[in-house]
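**Student:** In full-length UniProt numbering, the protein residues as written are 1 to 1011. Following this message is one structure expressed as structure tokens.
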């Protein structure tokens, strides 16, 4: 049996408790988290490293930052370091620490001011870049630095790494757009740093406080070491991140301390707010997507393209392109990267063209395409042009997902970041990359490449398994080799993603200028309390070394590859943080969106799962074997053990409880399985965890009720009036809530069984269908009605049957087999496998007859493609189509509408359907278009119901919050001339529960419209 699991004791535990009390006494308004779960989630970023912090503080504003600085300045906490953290997606461990993490993303995420006339925005440090741009868009403005992580990167994090990305040759880096920074120094000093004229600078230098000293020291270095600075800092678009002494003096002569602060990775000050320069959104844009047979040719050709004065050139190699083809984004952009007669592309250049009007855009496009077409020996294999904004955004989305996509490979050897942001002069890039590739080839390593070739930056990730003793030394060997290469070609190791753990190379690179960097650090942070060991060492703490910091692989080695592989990519989450998307209309991840708690995200849950598996491995417990033992155990004896374990006070600090708390808020929507670049599927490993967890502890009463619903609903349907009376009564509702469930839906008067019989539709059995002729089988279609649609929403099933009849098909109704999804969601995996085996046998026998199978509810139907596909025994061979897939395959049989339609139609798709069958959504549009109707595919997130999730009392607050975030406004449009539809039964249930509206399934609308 799975034992009680307790993490190693923390030496700082008592001190952290005292710090929490001191902060409270000082009036700290934010959150203090010290539990193992929160600290485990904060122990990793998007790098290869892992460091567990002592605590995480979530301040609510600048005053809280001052309170933190005041508290840690006291002698009792003199050995505690603090490290600011933004989106937590750094690739070099910039925000990892064994000290205190300061995370501004949860509460300090307000846009304080937008001045469209002066083109200025003022924001708190935790505002996400795309969040800001969404607010700026109505004014025709945007914040320029473009990142692949723009939907989760915070402005504070961008400033701390001086982030940039695509388009940097045109727009520069974050530092080029900073007008002012509101700082809190480690002693609590509060200061707005802005560019200063000479007179202002002299006034501040005359001050006797920390601010005066900082300005005196930095100004003296900039003046006295000007020649050394000029000789040391490279003349690159990406010049240098952090302590940028070369740009202390702006072009207008003003002194700008922000040049030193941008890219300083939290080693100099905490950032509370930023005042930003924002720009007009380009009026016109287009992308030219050029395909090449060879990646090196794409690199070499990029220089010719840059010379045509395009806005940016991005390059992607064949590995990333191949991974993109299996990603959710590909269906929307595949036509721009055709596999034509000349063969598959082994590299692409994406060329961005911007203009103020259509005529200018046409001229610029003509210049580039003429250069591509006129060559006597064309280097490329063809190109396409994307002009529509939606097309452009989809292609950029693919490029942005490249970082995550590189982690989506099979097996433990995967591309990892540690030398992925080198920058060299663009004219040397192709030669540099040839040597870089030779270095990796000599080590017999696979790798993926993509980057900003116009700026001389290429992202390279060697594939390693850092649990292997022979692979870990390669981090040092390759890093040293790449450092030598960048020096040879006049570049830098840290062209974009900051220094972090790689700071050990700073003294070598800066040489005689390095002591000046130390002077800057000591002036800002005399006691070396702010993110020590990064960029420049202070008084007592040396710089970190790349092989002295614990690696994720050190922890995963304990787990072992077999167990890692058995838990659905949980251990392979690379920390890219795509699940932290701020946008309420994005499906992934609803529970994180509603709570702002990173534990309640795929990345957080994967981290907790890794730690849980590691703790089991340390106790030499094999969870796979334990699951088999549990399924064979005597249920009554096991119930007694679970009761005793649940009552035992010694089990209260079991780490398993923290994992379960994070799993409880998962909606099992499977958006992560579809949208995560690495395909981390929380519902898959969650079910395995719950099976084992509830093999030790008692389940809540709601679980067996929900798990049995496919069996009990048909029975209750025989006593429909009694069920409805009980459900709607105060007594029945009180009993339901006592069991942990909200009010269940009533059953409608209409009976699917009676209506199907009236239509002449029979129950499908393999024996009956086998008697059909070949022609009759070709006209037959078996409609699979899940138990919820059958008993709570039979009108949808009836509409599907009627539509099939109107199309000339002979519909049959599938016998009730039980899908088993509820069993899987709640971790009854033994029972799920039995239910799935029965259903599989029934469906396969029908499919072998050549008869089409069509499911009604998308969530239940897609279970056949995911949960059934992972069954340990013979998998389902039958293909169960979604309704729209079947309709799209039979468009010629759709009768025309009875009359011209004046109504507008909007479709709200189920999360699982939207993220796990993205191509199927377009099929609804195709079906309606055939009928002469333009369908609006609404951009919404999760409705919050997600099967039974929203029916659970403990989840109701999250459920209603999610509904309000995006669905509520779209449902308000329903009525008059707008018909709002939803494909998911649970979604329609949520609408009925909250807005008291009955909205149709699209098949009901189609059946009503056509003759």
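Where is the CB? At the ideal position from N, CA and C, for every residue including glycine. As the structure is a prediction and not an experimental result, all values here were calculated from the model.
Counting C-beta neighbours from all protein chains within 10 Å, is the total for residue 775 16 or more, i.e. buried, or is it exposed?
**Tutor:** Exposed is the call here.
**Student:** Give me, in chain order, the residues of the same chain whose beta-carbon lies closer than 8 Å to that of residue 51; leave out the 5 immediate sequence neighbours on both sides.
**Tutor:** Within the same chain, residue 51 has close Cβ partners 43, 93, 96, 97, 98, 549 and 550.
**Student:** Are there 16 or more other CB atoms within 10 angstroms of the CB of residue 998, so buried, or fewer, so exposed?
**Tutor:** Per the 10 Å Cβ criterion, exposed.
**Student:** Got a sec, what are the start and stop residues for the alpha helix (DSSP H) residue 815 sits in?
**Tutor:** Segment: none, residue 815 is in no alpha helix (DSSP H) and carries neither H nor E.
**Student:** Applying the 10 Å Cβ sphere with the 16-neighbour rule, what's the burial state of residue 1064?
**Tutor:** Look at the range of the chain in this structure, 1 to 1011, and you will see that residue 1064 is not part of it.
**Student:** Given that a residue counts as buried once 16 or more other Cβ atoms are within 10 Å of its Cβ, and exposed if not, what is residue 492?
**Tutor:** When all chains shown are included, residue 492 counts as buried.
**Student:** For residue 794 versus residue 745, is the C-beta distance shorter than 8 Å?
**Tutor:** For residue 794 and residue 745, no; Cβs fall outside 8 Å.
**Student:** Quick check on the DSSP output: the alpha helix (DSSP H) that includes residue 408 runs from which residue to which?
**Tutor:** Segment: none, residue 408 is in no alpha helix (DSSP H) and carries neither H nor E.
**Student:** Taking the runs of the beta strand (DSSP E) that are 3 residues or longer, which of them lie wholly in the stretch 838-893?
**Tutor:** Within the stretch 838-893, the complete beta strand (DSSP E) runs of at least 3 residues are 852-855.
**Student:** What number of angstroms, rounded off, separates the C-alpha of residue 964 from the C-alpha of residue 950?
**Tutor:** Using only the alpha carbons, I get a separation of about 13 Å.
**Student:** Distance, Cα to Cα, residue 329 vs residue 533?
**Tutor:** So the two alpha carbons sit approximately 39 Å from each other.
**Student:** Is it right to say residue 174 is buried, meaning 16 or more other beta carbons lie within 10 angstroms of its own, or is it exposed?
**Tutor:** When all chains shown are included, residue 174 counts as buried.
**Student:** Taking C-beta to C-beta, are residue 505 and residue 380 nearer than 8 Å?
**Tutor:** Contact flag unset, no.
**Student:** Any idea what DSSP makes of residue 542, helix, strand or coil?
**Tutor:** Three-state result, residue 542: coil.
**Student:** Using a threshold of 8 Å, state whether the C-beta atoms of residue 394 and residue 322 are closer than that.
**Tutor:** Result no, Cβ atoms of residue 394 and residue 322 do not sit closer than 8 Å.
**Student:** Bridge partners for residue 612 per DSSP, in chain order?
**Tutor:** DSSP output for residue 612 lists no bridge partner at all.
**Student:** Less than 7 Å between C-beta atoms, sequence neighbours within five positions excluded: which residues of the same chain meet that for residue 850?
**Tutor:** Excluding sequence neighbours, residue 850 sits near 777.
**Student:** Determine which residues share a DSSP beta bridge with residue 190 and list them.
**Tutor:** In DSSP, residue 190 forms a bridge with 184.
**Student:** Excluding five sequence neighbours on each side, which residues of the same chain lie with their C-beta closer than 6 Å to the C-beta of residue 855?
**Tutor:** Contacts found: 784, 861 and 880.
**Student:** Give the DSSP-derived three-state secondary structure of residue 704 in the structure shown.
**Tutor:** Here residue 704 sits in helix by DSSP.
**Student:** If you draw a straight line from the C-alpha of residue 922 to the C-alpha of residue 858, how long is it?
**Tutor:** Taking the straight line joining both Cα atoms gives about 14 Å.
**Student:** Tell whether a beta-carbon distance below 8 Å holds between residue 181 and residue 159.
**Tutor:** Result yes, Cβ atoms of residue 181 and residue 159 sit closer than 8 Å.
**Student:** Between which two residues does the alpha helix (DSSP H) containing residue 623 stretch?
**Tutor:** Note, residue 623: alpha helix (DSSP H), 623-632.
**Student:** Whole angstroms is fine: what's the gap from residue 279's alpha carbon to residue 34's?
**Tutor:** If I take the Cα positions, the gap works out to 41 Å.
**Student:** Tell me the start and end of each unbroken beta strand (DSSP E) in the stretch 648-705 that is at least 3 residues and wholly inside, in chain order.
**Tutor:** Correct list: empty.
**Student:** Flag this pair as yes or no: are the beta carbons of residue 739 and residue 772 separated by less than 8 Å?
**Tutor:** No.
**Student:** Tell me where the beta strand (DSSP E) around residue 382 begins and ends.
**Tutor:** Note, residue 382: beta strand (DSSP E), 382-386.
**Student:** Entirely within the stretch 87-111 and at least 3 residues each: give me those beta strand (DSSP E) ranges in chain order.
**Tutor:** You should have 100-103.
**Student:** For the beta strand (DSSP E) that contains residue 277, what are its first and last residues?
**Tutor:** Note, residue 277: beta strand (DSSP E), 270-277.
**Student:** Where does residue 528 fall in DSSP's three states?
**Tutor:** Coil.
**Student:** Between which two residues does the beta strand (DSSP E) containing residue 905 stretch?
**Tutor:** Counting along the chain, the beta strand (DSSP E) containing residue 905 begins and ends at 904-908.
**Student:** Below 8 Å between beta carbons: does that hold for residue 1013 and residue 217?
**Tutor:** Residue 1013 is absent from the structure shown; the chain starts at 1 and stops at 1011.
**Student:** Would you mind sorting residue 643 into buried or exposed? The rule is 16 or more other CB atoms within 10 Å of its CB.
**Tutor:** Exposed: under 16 other Cβ atoms inside 10 Å.
**Student:** What ranges does the alpha helix (DSSP H) occupy inside the stretch 208-255, keeping only unbroken runs of at least 4 residues that lie completely in it?
**Tutor:** As far as the stretch 208-255 is concerned, its whole alpha helix (DSSP H) runs of at least 4 residues are 210-224 and 226-232.
**Student:** With DSSP as the reference, please indicate the residues paired to residue 788 in a beta bridge.
**Tutor:** DSSP, once it has assigned bridges, lists no residue as partnering residue 788.
**Student:** Could you name the residues that DSSP lists as bridge partners for residue 83?
**Tutor:** Looking at the DSSP assignment, residue 83 forms a beta bridge with 101.
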